[in-house]
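Chemist:
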Amino acid sequence: MTPSIKTIPELLIETYGNQTEVARRLSCHRNTVRRYLYDKEARYHAIVNGVLMIHQGGRGIYGRNQH
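Per our numbering, the very first residue in the sequence shown carries number 148; after that it's consecutive.
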């Protein structure tokens with residue numbers, strides 16, 4: 148099976164900009180689609196075989212910038 152890797156901006160092109168349709172396809176909330184709307188390089192998310200994968204790094208005290 149060959150993996151299919153896409154991004155939310157690519158899905159928005161397929162759905163003619165319909166964020167609600169993209170959210171329905173990914174089984175997520177529309178606000179999640181808006182959060183990754185401009186992540187064209189897939190630095191923080193990827194859609195692998197129709198499943199949304201999200202990078203959740205930078206959380207907690209160890210992920211923050213030290214002063």
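In this text, a Cβ means the ideal position worked out from N, Cα and C, and glycines have one as well.
Is the CB-CB distance between A189 and T149 below 9 Å?
Modeler: Taking 9 Å as the Cβ cut-off, A189 and T149 do not qualify as a contacting pair.
Chemist: Which residues in the same chain have their Cβ closer than 6 Å to the Cβ of P156, if we skip the five residues on either side of it in sequence?
Modeler: Result list for P156: K187, in chain order.
Chemist: Could you say which of L173, V180 and C175 lies nearest to Q166 if we only look at CA atoms?
Modeler: It is V180 whose Cα lies nearest to the Cα of Q166.
Chemist: May I ask you to report which of helix, strand or coil DSSP gives A170?
Modeler: Helix.
Chemist: Of all the options G204, L184 and G197, which has the alpha carbon lying nearest to the alpha carbon of S174?
Modeler: Measuring from the Cα of S174, the nearest candidate turns out to be G197.
Chemist: So the candidates are L159, R182 and L184; which of them puts its Cα closest to the Cα of R172?
Modeler: Taking only the C-alpha atoms, the option nearest R172 is L159.
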